[in-house]
Amino acid sequence: MSGDIAVDERTTSPATANTTNSSLIYFSSVSGYTKRFMEKLGLDAAKIPLYASEPELLATEPYVLVLPTYGGEKGERSILPQVIRFLNNEGNRQLLRGVIGAGNTNFGTTYCLAADKISAKCSVPVLYRFELMGTSEDVTRVRQGLEEFWTPQSQSQP
Amino acid sequence: MTDQVKLQHHVEAINWNRIQDEKDVEVWNRLVNNFWLPEKIPLSNDVQSWNTLTEDEKLLTMRVFTGLTLLDTLQGTVGAVSLIPDALTPHEEAVYTNIAFMESVHAKSYSSIFSTLASTKEIDEAFRWSLENVNLQKKASIIEAYYYGEDPLKRKIASTLLESFLFYSGFYLPMYWSSRAKLTNTADLIRLIIRDEAVHGYYIGYKFQKNLEGLSEERKTELKDYTFELLYELYENEVQYTHDLYDSVGLSEDVKKFLHYNANKALMNLGYEAMFPSSVTDVNPAILSALSPNADENHDFFSGSGSSYVIGKAVNTEDEDWDF
Numbered sequence: 792m793s794g795d796i797a798v799d800e801r802t803t804s805p806a807t808a809n810t811t812n813s814s815l816i817y818f819s820s821v822s823g824y825t826k827r828f829m830e831k832l833g834l835d836a837a838k839i840p841l842y843a844s845e846p847e848l849l850a851t852e853p854y855v856l857v858l859p860t861y862g863g864e865k866g867e868r869s870i871l872p873q874v875i876r877f878l879n880n881e882g883n884r885q886l887l888r889g890v891i892g893a894g895n896t897n898f899g900t901t902y903c904l905a906a907d908k909i910s911a912k913c914s915v916p917v918l919y920r921f922e923l924m925g926t927s928e929d930v931t932r933v934r935q936g937l938e939e940f941w942t943p944q945s946q947s948q949p
Numbered sequence: 067m068t069d070q071v072k073l074q075h076h077v078e079a080i081n082w083n084r085i086q087d088e089k090d091v092e093v094w095n096r097l098v099n100n101f102w103l104p105e106k107i108p109l110s111n112d113v114q115s116w117n118t119l120t121e122d123e124k125l126l127t128m129r130v131f132t133g134l135t136l137l138d139t140l141q142g143t144v145g146a147v148s149l150i151p152d153a154l155t156p157h158e159e160a161v162y163t164n165i166a167f168m169e170s171v172h173a174k175s176y177s178s179i180f181s182t183l184a185s186t187k188e189i190d191e192a193f194r195w196s197l198e199n200v201n202l203q204k205k206a207s208i209i210e211a212y213y214y215g216e217d218p219l220k221r222k223i224a225s226t227l228l229e230s231f232l233f234y235s236g237f238y239l240p241m242y243w244s245s246r247a248k249l250t251n252t253a254d255l256i257r258l259i260i261r262d263e264a265v266h267g268y269y270i271g272y273k274f275q276k277n278l279e280g281l282s283e284e285r286k287t288e289l290k291d292y293t294f295e296l297l298y299e300l301y302e303n304e305v306q307y308t309h310d311l312y313d314s315v316g317l318s319e320d321v322k323k324f325l326h327y328n329a330n331k332a333l334m335n336l337g338y339e340a341m342f343p344s345s346v347t348d349v350n351p352a353i354l355s356a357l358s359p360n361a362d363e364n365h366d367f368f369s370g371s372g373s374s375y376v377i378g379k380a381v382n383t384e385d386e387d388w389d390f
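Residue numbers (the working numbering), protein chains in the order written: chain A, 792 to 949; chain B, 67 to 390.
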């Protein structure tokens, strides 16, 4: 790392936290496909910050996480560190109820792997998968699915 | 030529410690980690399976792979290279050189398949067919015209449509054979190509969208209209090409669904909405599952029977930096 980058980090004001009571939280990289899907969905949603210098995000209500998959052939580093940092916070982890994965079937066995990994690790269901920024059918199904998912009956299931 | 080199412009040395666009590094690393060569796949294990195919099926397979060879040749020697002069960053140029090389690896890998499975005579006949088939030549020449054209953004559109749409009339067949437990090693090789093309399409589409930033609405509309026009033109030709190839084995209608499905993904790579409705993109589940075992709808809660509460399979998460 060059010296001036280190100086930048030191002069950045200490990150504070932002809280959200949104029932949808998502991550999207600079290419923004997942963000585009969230815009089409049109539901209130909070974004996990892209840069470490941004305030940390803290959930205050149960939520569903929407995230794309990254990484290599064997699925290594499929979840970006920003998402891991978010879930390493115990409060955030305890409010997680389900995961929706974005991906591309061209990636074969690693299609939506990040969603699978979080589902296994946090014992929450994979609710849906869609490709790239999602089709209009995906948007409709996720809207309907979420509506049913948040009914009291669904939430009282084991 | 002038006698002296004039130092009016400077050649810039690429500095990987000064990054303007993190996507360049991310995609470079991804492509390097994905690097493979056909020698790593035990293609000779498919010889027995090849001998169970009928003559029509063998001919179809040879032709499909020659068609794919032609597209990979075009993308490796002209397409990816034509994107270099308009790169926004020196790192983007470097990524295109990687893409160009990998396309040449893809083109060569079909020859590995041929030499393993077929006779010299059969191979020569298939290559002759690729020169003579009107629809195959037409699709290559439509794309090639844009690669030599004046508009750098149209080059990116044509390139993304090639990477994310035009290959799929061909990719269908090895997925079909794989779903019937035939030519499974060949299918493994093709899956590596399919994975690479997804990264290429994603990256070129992303750079296209970066280029759109700051352009006038008029120019944006022109490029969007152009994308859909070109897709229609290629699609019509692709349907003809599909009938040429697959009518003999009765698979044309199934292949067309796969075309629609991938045309939608090509549009999304360029940042546009999907065009084909779900009623014509319902790809045969066997083909989809040959492509990705996780694509099965029963895996997710919203599409499932309603009462199922599906938890992801226990997958190794040790490589991640978890605190719990």
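We put the CB at the ideal spot given by N, CA and C, even for glycine.
- Nearest-angstrom beta carbon gap, isoleucine 839 (chain A) and isoleucine 816 (chain A) [assumed within contact, 8 angstroms]: Taking 8 angstroms as the upper bound for CB-CB distance, isoleucine 816 (chain A) and isoleucine 839 (chain A) are in contact here, some 6 angstroms apart.
- Item | Completely contained alpha helix (DSSP H) runs for the segment 112-191 of chain B, where each covers 4 or more residues | For the alpha helix (DSSP H) assignment, the uninterrupted runs of no fewer than 4 residues enclosed by the segment 112-191 of chain B are, from N- to C-terminal side, 113-116, 121-140, 156-183.
- Task: Alpha carbon to alpha carbon, how far is valine 917 (chain A) from valine 98 (chain B)? Give it in angstroms, no decimals.
- Result: Straight-line spacing of the CA atoms in valine 98 (chain B) and valine 917 (chain A) works out to 30 angstroms.
- Message: Just checking: is the beta-carbon of methionine 241 (chain B) within a distance shorter than 8 angstroms of some beta-carbon in chain A?
- Response: Using a CB distance cut-off of 8 angstroms, methionine 241 (chain B) does not count as an interface residue toward chain A.
- Message: Against glutamate 830 (chain A), what residues of chain B qualify as contacts under a CB-to-CB distance less than 7 angstroms, listed in chain order?
- Response: Within chain B, no C-beta atom comes less than 7 angstroms from the C-beta of glutamate 830 (chain A); the nearest is roughly 12 angstroms away.
- Query: Would you say tyrosine 234 (chain B) and alanine 224 (chain B) are within 8 angstroms of each other, going by their C-beta atoms?
  - Reply: Tyrosine 234 (chain B) places its beta carbon 8 angstroms or farther from that of alanine 224 (chain B).
- Query: Can a CB atom of chain A be found closer than 8 angstroms to the CB of leucine 354 (chain B)?
  - Reply: Answer yes: the Cβ-Cβ gap between leucine 354 (chain B) and chain A drops below 8 angstroms somewhere.
- Count the other CB atoms within 10 Å of the CB of glycine 215 (chain B); is the residue buried (16 or more) or exposed (fewer)? Looking at its Cβ environment, which holds fewer than 16 other Cβ atoms inside 10 Å, glycine 215 (chain B) is exposed.
- Pick helix, strand or coil for serine 373 (chain B), following the three-state DSSP scheme. Summary for serine 373 (chain B): the model assigns pLDDT 44, below 50, so the residue's position carries little reliability; its value from the coordinates is reported in the next sentence. Under the three-state reduction of DSSP, serine 373 (chain B) is assigned to coil, being neither helix nor strand.
- Message: Nearest by alpha-carbon distance to serine 358 (chain B): which of B:His157, B:Gly142, B:Ile150, B:Met241 is it?
- Response: Comparing Cα-Cα distances from serine 358 (chain B) to each of B:His157, B:Gly142, B:Ile150, B:Met241, the minimum goes to B:Met241.
- Message: Once DSSP output is grouped into helix, strand and coil, what is the label at tyrosine 817 (chain A)?
- Response: Tyrosine 817 (chain A) falls in the strand class under three-state DSSP.
- Any idea if isoleucine 909 (chain A) is buried or exposed, counting beta-carbon neighbours within 10 angstroms, 16 or more meaning buried? By the 10 Å Cβ count, isoleucine 909 (chain A) comes out buried.
- Item | Whole runs of the beta strand (DSSP E) within the segment 850-889 of chain A, excluding any shorter than 3 residues | Restricted to the segment 850-889 of chain A, the beta strand (DSSP E) segments that are unbroken, complete and at least 3 residues in length are 854-859, listed in chain order.
- Assuming alanine 905 (chain A) and serine 927 (chain A) form a contact by the criterion Cβ under 8 angstroms, report the distance between their Cβ atoms to the nearest whole angstrom. Taking the Cβ atoms as the reference, alanine 905 (chain A) lies roughly 24 angstroms from serine 927 (chain A), outside the contact range of under 8 angstroms.
- Between arginine 261 (chain B) and chain A, is there a C-beta pair that is closer than 8 angstroms? Interface residue, yes.
- Message: For a test of the three-state rule: what should DSSP assign to valine 315 (chain B), helix, strand or coil?
- Response: In this structure, valine 315 (chain B) counts as helix in the three-state DSSP scheme.
- Item | Contact the segment 245-261 of chain B vs the segment 877-885 of chain A: 3+ CB pairs below 8 angstroms | Between the segment 245-261 of chain B and the segment 877-885 of chain A, the count of C-beta pairs closer than 8 angstroms stays below three; the two stretches do not touch.
- So is leucine 103 (chain B) in contact with chain A if we call contact Cβ pairs under 8 angstroms? No, leucine 103 (chain B) lies away from the interface with chain A (no Cβ there is under 8 angstroms from its Cβ).
- Message: Just to make sure I have the definition right: I need the residues of chain D whose C-beta is within less than 9 angstroms of the C-beta of glycine 889 (chain A). Which are they?
- Response: The structure shown contains no chain D; the protein chains it does contain are A and B.
- Query: Is it buried or exposed for leucine 149 (chain B), if we count other Cβ within 10 angstroms and need 16 for buried?
  - Reply: Looking at its Cβ environment, which holds 16 or more other Cβ atoms inside 10 Å, leucine 149 (chain B) is buried.
- Are the Cβ atoms of alanine 153 (chain B) and tyrosine 162 (chain B) separated by less than 8 angstroms? Yes, they are a contact pair.
- Query: With DSSP run on the structure shown, which of helix, strand or coil describes valine 915 (chain A)?
  - Reply: In the structure shown, valine 915 (chain A) sits in coil (DSSP, three-state: anything other than H, G, I, E or B).
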